[in-house]
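K.L.:
Can you keep this structure in mind? I'll have questions shortly.
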Amino acid sequence: MAELLRKPFGTHGKVHDITPASAGWRYVGFGLYHLRAGERAAEVTGDREVILVMVEGKARITGAGQDWGVLGDRMNVFEKSPPHCLYLPNGTEWEATAETDCVIAVCSAPGKGGHAARRIGPEGITLTERGKGTNTRHINNIAMEAEDYADSLLVTEVFTPSGHWSSYPSHRHDEDDYPRITYLEETYYHRLNPASGFGIQRVYTDDGQLDETMAVSDGDVVLVPRGHHPCGAPYGFEMYYLNVMAGPLRKWRFVPAPEVEWIMERDK
C-alpha cells in the first residue's frame with residue numbers, strides 16, 4: 274500500500290503530483306501549483322478529465338481552445354467564498370498565468386468525452402451547513418452527483434470549525450455494489466487556520482487490516498484507497514479540505530462504520 278500521507282514537495286511550483294500509479298489505485302489524480310504573479314503552469318489532459326480549482330488568488334486561464342479570462346477572487350481560502358473552477362474534458366490542454374500569487378488545484382479522473390469544457394462557480398455554489406453539534410461543518414459543492422458537470426469526477430470543499438469533526442460519522446465507499454455502496458477513491462487536500470496548526474485523520478477498515486492515524490499539517494494530502502476516513506480539527510484551528518473522488522460510477526453511496534451507525538441514524 275502506498276503511503277497515505279503525502280507532504281508537499283516544497284512551497285513553490287508544482288508541490289503535489291499524485292497520479293493513479295503513484296497512489297497505487299486506478300482513478301483519482303491530484304496536483305497542486307503554488308505560483309507567483311506572472312508565472313505559468315500548463316498541462317495536457319490526455320485521457321483524463323480535469324477540474325481546476327482556484328483555491329487562492331487569481332489566474333488567467335486558457336483551455337480547450339478558449340480564453341476563460343481571469344478566474345479567482347478568493348485571496349485566502351478561509352474567506353469561505355465560493356471558488357472559481359474550470360472543467361476540461363479529456364483530449365484538451367490548459368495554461369494558467371498567475372495574476373497574483375495563487376494556489377491552483379488540478380483534480381483529475383478518467384474522461385469519457387461526455388461533457389464540454391465549462392466554468393464552474395462561483396455562481397451556483399452556496400456554502401451549506403451539514404451535521405449537528407460538534408459534527409457541524411460547511412460545504413461548497415463544486416461538482417458532486419447533483420451537478421452533471423463531469424464523466425467521473427466528484428469534487429467538493431469542506432470547512433470544519435475548530436474543535437469539530439468532519440467526514441463523520443465514519444463511513445466508507447470502497448465496494449462496487451450500487452445502490453448500496455459505490456467504489457470511490459478519494460484524496461483530501463488539507464489546510465489549517467492558523468497554518469501552524471495540525472489536524473487528525475484516521476483511515477481504517479472494519480477488519481483492521483488498514484488502520485492509520487495521521488497528524489496532517491497545512492498543505493498535506495491524505496489518500497483514502499478504502500475504509501473509513503474521519504478527521505478532526507483541534508480546538509483553536511479551523512480545517513479546510515478539498516475532496517476529489519472518482520470510481521467506476523459517478524455516484525456517492527456509502528456505508529457507515531458499525532460503531533457509529535447509531536449516531537448517523539439519530540442525527541438524520
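Residue 296 in my numbering sits at position 23 of the sequence shown, with consecutive numbering throughout.
Where is the CB? At the ideal position from N, CA and C, for every residue including glycine.
Can you tell me the Cα-Cα spacing of residue 491 and residue 328, whole angstroms?
P.N.:
13 Å
K.L.:
Got a sec? Which residues, its chain only, sit under 8 Å from residue 453 by beta carbon, not counting five neighbours each side?
P.N.:
526, 528
K.L.:
Apply the 10 Å Cβ neighbour rule to residue 498 and answer buried if 16 or more other Cβ atoms are within range, or exposed otherwise.
P.N.:
The residue is buried, with at least 16 neighbouring Cβ atoms inside 10 Å.
K.L.:
Measure the Cβ-Cβ separation of residue 332 and residue 382 and say whether it is below 7 Å.
P.N.:
no
K.L.:
What number of angstroms, rounded off, separates the C-alpha of residue 489 from the C-alpha of residue 293?
P.N.:
21 Å
K.L.:
Go ahead and label residue 518 buried or exposed: buried means 16 or more other beta carbons lie within 10 angstroms of its beta carbon, across all protein chains shown.
P.N.:
buried
K.L.:
Can you tell me which residues form a DSSP beta bridge with residue 339?
P.N.:
336
K.L.:
Please give the ranges of any beta strand (DSSP E) in the stretch 496 to 534, keeping only runs that are unbroken, at least 3 residues long and fully inside the region.
P.N.:
511 to 519
K.L.:
As an exercise, report each continuous beta strand (DSSP E) stretch of at least 3 residues that is fully enclosed by the stretch 389 to 436, in chain order.
P.N.:
391 to 393, 401 to 403, 410 to 416, 427 to 433
K.L.:
Alpha carbon to alpha carbon, how far is residue 473 from residue 547? Give it in angstroms, no decimals.
P.N.:
For residue 547 there is no data in the structure shown, the boundaries of the chain being 274 and 541.
K.L.:
Residue 415: which of 407, 433, 358, 279 sits nearest, CA to CA?
P.N.:
358
K.L.:
Where are the beta strand (DSSP E) runs, 3 residues long or more, that stay fully inside the stretch 279 to 322, in chain order?
P.N.:
286 to 291, 302 to 308, 313 to 317
K.L.:
For residue 341, which residues from the same chain have a beta carbon less than 7 Å from its beta carbon, with the 5 sequence-adjacent residues on both sides left out?
P.N.:
334, 335, 359, 392
K.L.:
Would you call the CB atoms of residue 455 and residue 446 closer than 7 Å?
P.N.:
yes
K.L.:
For a quick check, are the C-beta atoms of residue 380 and residue 317 less than 7 Å apart?
P.N.:
no
K.L.:
In whole angstroms, what separates the C-alpha of residue 346 from that of residue 495?
P.N.:
If you draw a straight line from the Cα of residue 346 to the Cα of residue 495, it comes to about 27 Å.
K.L.:
Leaving aside the five residues before and after residue 505 along the sequence, list all residues of the same chain whose C-beta is less than 6 Å from its C-beta, in chain order.
P.N.:
438, 473
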